[in-house]
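Student:
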Amino acid sequence: MKLLKLVPDNTNIDFMKVRNIALVISIILTVASLSLVAIKGLNLGIDFVGGQVVRATFAQPINIEDLRGRMNALDVGEASIQDFGDNRTYQVRLPSPPDAKASAEIVGKVRTALQNQYPGVKVGAGEAVSGKVSEELARDGALALGLAMLGIAIYIWFRFEWQFGVGALVTLFHDVSMILGFFAVTRLQFDLNVVAAFLTVVGYSLNDTVVIYDRIRENLRKYRKMQIIPMLNLTLNETLSRTIVTSLSIMLALTMLLIFGPEVIFGLTAAILLGTFVGTYSSIYISAPILVWLGVRPDSFLKAEDKAPAKLAGGDGAVV
Amino acid sequence: MFDPPKWKIWSILLVIAVGIILAVPSFFPRDQVAKWPAWAPKTQIARGLDIAGGSQLLLEADLADATRQRLSAMDDSVTQELRREPRIQVGDISSSNGQVSFMLRDPTQLDAAVERVRTLTQGVGLTGTRTWNVSTQDGNRVIMVPTPEGNAQAIKDAMTVARDVVRRRIDPSGTREITVINQGQNRILVQVPGIDDPEALKRLIGQTARLEFKLVDQNADQAQVAQGRAPAGSQVLPRADGTGFVALQRRVMVSGEEVADAKQVFDQQSGAPVVSIRFDSSGARRFGRTTTENVNKPFAIVLDNKVISVANINEPILGGSAQISGGFTTQSANELAISLSSGKLPVKLDVIEERTVSAELGNDSIRSGAIASGVAVLAVMLFMVITYGRFGWYANLGLVINTLLILGVMGLIGSALTLPGIAGFVLTIGAAVDANVLINERIREEQRRGRKILDAIETGYKEASTAIFDANITNVIAAAIMWYFGSGPVRGFAIVLLIGIITSVFTAVNFTRLLVALWVRKKRPRELHI
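Take a look at the structure:
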């Protein structure tokens with residue numbers, strides 16, 4: 001059987017030639033994403049801002065204004081009602097009450113009202129998060145993400161060189177910004193589950209970056225006389241086949257989840273899919289070129305490991 | 001590497017066998033697994049509430065209430081202690097401003113009084129700090145201030161008791177799979193699978209169920225009472241139905257602590273739902289004695305500082321049981337009965353977070369999630385085979401084993417699979433695929449460079465290992481930090497990632513290597529299609 005080869009043997013693409021163009025594009029996109037988040041904000045779910053959400057499927061299509069009227073008549077705050085496209089499934093969201101303890105009671109009120117006023121309604125999910133808890137959730141989530149990134153950078157710094165640690169962090173920052181931008185544009189709800197999508201993207205992007213860094217380190221040791229730019233090009237070409245096969249297989253899996261998966265994980269999957277793409281791009285066009293800008297040279301890895309054996313080998317002192 | 005030692009082969013196979021055995025029960029319904037013989041493995045992966053449907057409540061103790069209760073309990077203890085012989089005469093004991101204080105009638109008894117109340121305080125931990133600080137003022141006043149250590153200890157104890165009470169209230173028979181755990185200093189997390197209307201749950205938990213029988217103060221001025229003002233030495237409490245106030249003697253005849261059992265029954269005359277309670281022996285004695293002394297006087301049943309009913313003592317009640325009526329529905333009577341027999345909550349609990357997913361929605365999610373995951377895994381497997389041929393099959397076998405191992409380990413440690421957990425799952429499958437891709441691509445590369453087959457395979461595995469190691473260690477670090485600092489979904493994600501990375505490295509590296517080694521040893525291949 002003839003096996004599939006997506007990337008021909010011995011490719012010689014000059015990735016580094018376009019590194020400045022790629023950098024400009026990336027900076028523009030990052031700035032655009034972050035400004036978008038700053039201006040439009042994210043569609044934060046009740047996990048992060050507090051409040052109540054009740055999701056219901058009605059027996060017959062209903063009038064949204066009628067539902068809004070009934071919800072507002074409960075006197076539990078301004079109801080925002082989201083339609084799920086079929087005129088039967090709606091999500092009612094209510095703001096956090098001034099008294100934090102009342103939050104959970106409101107869900108009960110809404111649930112009862114729906115059941116009394118719309119025969120045959122199915123209340124699918126109800127959630128209430130008090131303002132205090134939502135603040136904690138947001139803080140804990142950000143803290144966990146921040147510390148995880150820091151821990152990774154430190155590890156990479158120890159295993160490689162500080163430039164690689166910085167490179168990995170910048171790459172992660174780039175990828176995370178893109179995903180944030182994606183959520184700002186699509187207005188998909190940003191809740192705690194999405195944090196899991198973020199973490200997946202961070203994990204994947206990191207994996208990709210580290211694999212390429214590992215090969216760069218190997219080649220830095222192997223081809224000591226080679227200039228950094230041709231060396232990075234060589235490395236990226238050597239790893240290209242792996243990069244493509246891995247990201248394609250993951251994107252393939254995610255596309256299936258997107259098409260056939262439950263509606264609850266749509267946003268999650270879409271974000272991871274985009275993240276996989278961005279993560280693949282950034283490990284080639286950001287994490288590698290950044291090493292040039294940070295001044296990684298062919299002798300970067302000679303200090304600790306390779307100089308010592310040279311000295312031991314003989315007293316000729318011909319260490320590069 | 002092509003002649004692995006026997007022990008290595010066997011230990012790899014052993015790990016896989018154990019993993020599969022642990023994973024198998026997860027593929028069967030829970031009630032069916034319960035009927036399996038005793039020797040059969042029963043570890044099952046639990047489904048998180050977001051997948052299986054159910055309710056989750058996060059309860060927070062009202063710390064101000066806890067502190068108030070602690071003060072009033074000390075107030076009572078001091079009163080009793082000083083009344084014991086030899087009696088020490090004091091003025092009114094006050095428990096306001098966060099302290100308990102009293103003035104002595106006879107200042108020469110100051111040292112004796114301090115000595116006596118000090119026996120009511122206890123040491124906390126090993127530092128010798130006590131639960132209360134006792135000090136004196138002006139030569140005739142004793143002041144007791146709760147220490148922060150004492151408060152912390154009291155809250156800790158109260159939360160432990162509260163957790164057990166909550167558990168008994170939700171699950172009186174102890175048969176349902178509920179989760180009730182303490183979280184942080186003053187919170188309790190309750191998860192009840194299968195219940196998608198949490199209102200009853202909230203009512204059960206919300207009831208402090210402090211039950212007291214008190215005599216009605218008949219000397220009270222009714223006009224004053226109607227305005228909610230209490231006569232000296234008595235207290236005024238509102239009626240539960242909101243129809244006014246009742247003046248009561250402060251002394252408690254019998255309290256809920258002395259209830260041995262409570263159940264909902266129907267009143268024989270009116271047919272209305274009532275709660276029948278049975279006192280324990282000391283409660284029965286006290287109830288008998290007080291009712292004997294107060295025949296023809298009214299007494300009130302007070303629940304959580306609200307009067308639910310007032311009745312006349314027609315004759316001494318000696319049997320040790322009583323009936324509480326007060327306009328109950330069958331359900332509310334039943335809830336009160338459960339609350340009473342499960343004990344009172346030592347501290348008031350507020351619901352600060354509530355999440356409910358209907359089981360129906362959960363089932364839909366599971367079904368389409370399972371289909372989608374199946375299709376996704378098949379697509380990746382097909383892709384692997386058409387890309388790497390035989391080595392793709394090995395990678396796929398590794399993938400299947402990896403999935404089983406993750407399920408097995410999660411079942412073993414009792415971790416639930418949630419939606420974010422599935423995201424973690426996807427990432428580890430990705431990592432497992434990537435490890436194999438790294439190895440296979442490296443073998444291709446080494447072959448291109450002109451290495452012989454065996455040499456290419458060996459170098460491929462060796463050179464790819466560092467990249468696999470570094471990439472996975474970084475993810476382990478990330479997962480460990482997220483598990484430690486994160487909460488809820490972040491943790492759910494991190495735990496699956498932690499397990500998955502370890503199992504995926506094991507299957508992608510050790511297991512596929514074993515398969516390759518066995519194949520090479522048997523077939524001695526002359527050419528390699530990869």
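Residue numbers (the UniProt record's numbering), protein chains in the order written: chain X, 1 to 320; chain E, 1 to 530.
Yeah, the Cβ is synthetic: ideal placement off N, Cα and C, and Gly gets one too.
Does DSSP put residue 136 of chain E in a helix, in a strand, or in coil?
Tutor: To locate residue 136 of chain E, count along the second sequence from 1; it is residue 136. Of the three classes helix, strand and coil, the one that applies to residue 136 of chain E here is strand, per DSSP.
Student: Hey, how far is the Cα of residue 52 of chain X from the Cα of residue 124 of chain X?
Tutor: Indexing the first sequence from 1 puts residue 52 of chain X at position 52. Indexing the first sequence from 1 puts residue 124 of chain X at position 124. Approximately 14 Å, taken between the alpha carbons.
Student: Run through the stretch 180-247 of chain X for me and flag every whole alpha helix (DSSP H) of 4 or more residues, listed as ranges in chain order.
Tutor: Counting only runs of 4 or more, we get 192-222.
Student: Quick one, which of E/321, E/297, E/272 has its alpha-carbon nearest residue 287 of chain E's?
Tutor: Taking the second sequence and counting its residues from 1, one reaches residue 287 of chain E at position 287. Closest by alpha carbon: E/321.
Student: Check the DSSP bridge columns for residue 300 of chain E and list the partner residues they point to.
Tutor: On the second sequence, position 300 is the one that residue 300 of chain E refers to. Partner(s): E/214, E/310.
Student: Using the Cα positions of residue 84 of chain E and residue 260 of chain E, report the straight-line distance between them to the nearest angstrom.
Tutor: Taking the first residue of the second sequence as position 1, residue 84 of chain E is located at position 84. Taking the first residue of the second sequence as position 1, residue 260 of chain E is located at position 260. Residue 84 of chain E and residue 260 of chain E: Cα-Cα distance of roughly 28 Å.
Student: Counting pairs of beta carbons, one from the stretch 324-335 of chain E and one from the stretch 89-102 of chain X, are three or more of them closer than 8 Å?
Tutor: The stretch 324-335 of chain E, when compared against the stretch 89-102 of chain X, does not touch it at the 8 Å Cβ threshold.
Student: Three or more C-beta pairs under 8 Å: does that hold for the stretch 58-73 of chain E against the stretch 356-365 of chain E?
Tutor: With the cut-off at 8 Å, the stretch 58-73 of chain E and the stretch 356-365 of chain E do not touch.
Student: From residue 270 of chain E to residue 285 of chain E, what distance separates their C-alpha atoms?
Tutor: Counting from 1 along the second sequence, the entry for residue 270 of chain E is found at position 270. Counting from 1 along the second sequence, the entry for residue 285 of chain E is found at position 285. Cα to Cα, residue 270 of chain E sits roughly 28 Å from residue 285 of chain E.
Student: Going by other Cβ atoms of all chains shown within 10 Å of its Cβ, with 16 needed for buried, is residue 39 of chain X buried or exposed?
Tutor: As a position in the first sequence, residue 39 of chain X is number 39, starting the count at 1. Classification of residue 39 of chain X: exposed, given that the 10 Å Cβ count is below 16.
Student: Within a Cβ cutoff of 6 Å, which residues of the same chain sit near residue 526 of chain E, ignoring the five residues on either side of it in sequence?
Tutor: For the purposes of this step, residue 526 of chain E is taken as residue 526 along the second sequence, with counting starting at 1. Taken in chain order, the list of residues that qualify is empty.
Student: Which residues bound the alpha helix (DSSP H) around residue 482 of chain E?
Tutor: For the purposes of this step, residue 482 of chain E is taken as the residue at position 482 of the second sequence. From DSSP, the alpha helix (DSSP H) with residue 482 of chain E extends over 453-485.
Student: Is the separation between the beta-carbon of residue 4 of chain E and that of residue 517 of chain E shorter than 7 Å?
Tutor: One-based indexing of the second sequence puts residue 4 of chain E at position 4. One-based indexing of the second sequence puts residue 517 of chain E at position 517. A contact, by the Cβ cut-off of 7 Å.
Student: Roughly how many whole angstroms lie between the Cα atoms of residue 106 of chain E and residue 119 of chain E?
Tutor: Position 106 of the second sequence, counted from the start, is the residue given in the question as residue 106 of chain E. Position 119 of the second sequence, counted from the start, is the residue given in the question as residue 119 of chain E. Looking at the two C-alpha atoms, the distance is approximately 20 Å.
Student: Using a cut-off of 7 Å between C-beta atoms, extract the partners of residue 262 of chain X located in chain E.
Tutor: Position 262 of the first sequence, counted from the first residue, corresponds to residue 262 of chain X. Neighbours of residue 262 of chain X on chain E, chain order: 364, 365, 368, 369.
Student: Exposed or buried, which one is residue 53 of chain E when buried takes at least 16 other CB atoms within 10 Å?
Tutor: To locate residue 53 of chain E, count along the second sequence from 1; it is residue 53. Classification for residue 53 of chain E: buried.
Student: Taking buried to mean at least 16 other C-beta atoms within 10 Å of its own C-beta, is residue 378 of chain E buried or exposed?
Tutor: Counted from its first residue, the second sequence places residue 378 of chain E at position 378. Residue 378 of chain E should be labelled exposed.
Student: For residue 539 of chain E, list the residues DSSP reports as bridge partners.
Tutor: Outside the shown range of chain E (1 to 530) lies residue 539 of chain E, about which nothing can therefore be said.
Student: Below 7 Å on C-beta distance, what does residue 44 of chain X contact in chain E?
Tutor: On the first sequence, residue 44 of chain X is found 44 positions in, with the first residue counted as 1. Those do not exist, as residue 44 of chain X stays about 15 Å from chain E at its closest Cβ, beyond 7 Å.
Student: Considering only the alpha carbon of each residue, which of E/300, E/230, E/33, E/113 lies closest to residue 79 of chain E?
Tutor: To locate residue 79 of chain E, count along the second sequence from 1; it is residue 79. Nearest option by C-alpha distance: E/113.
Student: For residue 311 of chain E, which of E/176, E/281, E/246, E/335 has the nearest alpha-carbon?
Tutor: The residue given as residue 311 of chain E occupies position 311 in the second sequence. The option with the nearest alpha carbon to residue 311 of chain E is E/246.
Student: May I ask you to list the residues that DSSP assigns as paired with residue 277 of chain E?
Tutor: In the second sequence, counting from the first residue as 1, residue 277 of chain E sits at position 277. According to DSSP, residue 277 of chain E bridges with E/262, E/322.
Student: Give the residues of chain X in contact with residue 195 of chain E, contact being defined as C-beta atoms less than 7 Å apart.
Tutor: Here residue 195 of chain E refers to the residue found at position 195 when the second sequence is read from its first residue. Those do not exist, as residue 195 of chain E stays about 12 Å from chain X at its closest Cβ, beyond 7 Å.
Student: Who are the near neighbours of residue 72 of chain E in its chain, counting only those whose CB is closer than 7 Å to its CB and skipping five residues on each side?
Tutor: If you number the second sequence from 1, residue 72 of chain E lands on position 72. Once the five neighbours on either side are set aside, the close Cβ partners of residue 72 of chain E are 95.
Student: CA-CA distance, residue 251 of chain E and residue 233 of chain E?
Tutor: Indexing the second sequence from 1 puts residue 251 of chain E at position 251. Indexing the second sequence from 1 puts residue 233 of chain E at position 233. When rounded, the distance between both Cα atoms is 10 Å.
Student: Do you know how far the Cα of residue 12 of chain X is from the Cα of residue 587 of chain E?
Tutor: Here chain E comprises residues numbered 1 to 530, so residue 587 of chain E is not present and cannot be evaluated.
Student: Where residue 529 of chain E and residue 389 of chain E are concerned, what is the direct C-alpha to C-alpha distance, given to the nearest angstrom?
Tutor: Taking the first residue of the second sequence as position 1, residue 529 of chain E is located at position 529. Taking the first residue of the second sequence as position 1, residue 389 of chain E is located at position 389. So the alpha carbons of these two residues sit roughly 7 Å apart.
Student: Quick check: does the Cβ of residue 12 of chain X come within less than 6 Å of any heavy atom belonging to the ligand SAM?
Tutor: This structure does not include the ligand SAM; it has no bound ligands of any sort.
Student: So, does the CB of residue 536 of chain E fall closer than 7 Å to a CB anywhere in chain X?
Tutor: Residue 536 of chain E lies beyond the residue range present for chain E, which begins at 1 and ends at 530; the question has no answer from this structure.
Student: What residue does the beta strand (DSSP E) around residue 190 of chain E start on, and which one ends it?
Tutor: Your numbering for residue 190 of chain E matches position 190 in the second sequence. Start and end: 187-193.
Student: Helix, strand or coil for residue 3 of chain X? Go by DSSP, reduced to three states.
Tutor: The residue you call residue 3 of chain X lines up with position 3 of the first sequence. The answer is coil: DSSP assigns residue 3 of chain X none of H, G, I, E or B.
Student: When DSSP builds the beta bridges, which residues end up paired with residue 46 of chain E?
Tutor: Along the second sequence, read from residue 1 onward, the residue named residue 46 of chain E stands at position 46. According to DSSP, which records beta bridges pairwise, residue 46 of chain E is partnered with E/416.
Student: Shorter than 7 Å from the beta carbon of residue 300 of chain X to some beta carbon of chain E?
Tutor: In the first sequence, the residue the question calls residue 300 of chain X occupies position 300. False, the Cβ-Cβ gap to chain E never drops below 7 Å.
Student: Starting from residue 199 of chain X, find everything on chain E with Cβ-Cβ shorter than 9 Å and list it in chain order.
Tutor: For the purposes of this step, residue 199 of chain X is taken as residue 199 along the first sequence, with counting starting at 1. Within 9 Å Cβ-Cβ: 420, 423, 424, 427, 478, 479, 482, 486, 490, 493, 494, 497.
Student: Would a check of beta-carbon distances place residue 15 of chain X closer than 7 Å to chain E?
Tutor: Residue mapping note: residue 15 of chain X aligns to position 15 of the first sequence, counting from 1. Cβ-Cβ to chain E under 7 Å: no for residue 15 of chain X.
Student: Which one of E/282, E/464, E/16, E/446 has the shortest CA to CA distance from residue 210 of chain X?
Tutor: As a first step, residue 210 of chain X must be located in the first sequence, where it is residue number 210. Among E/282, E/464, E/16, E/446, the Cα nearest to that of residue 210 of chain X belongs to E/464.
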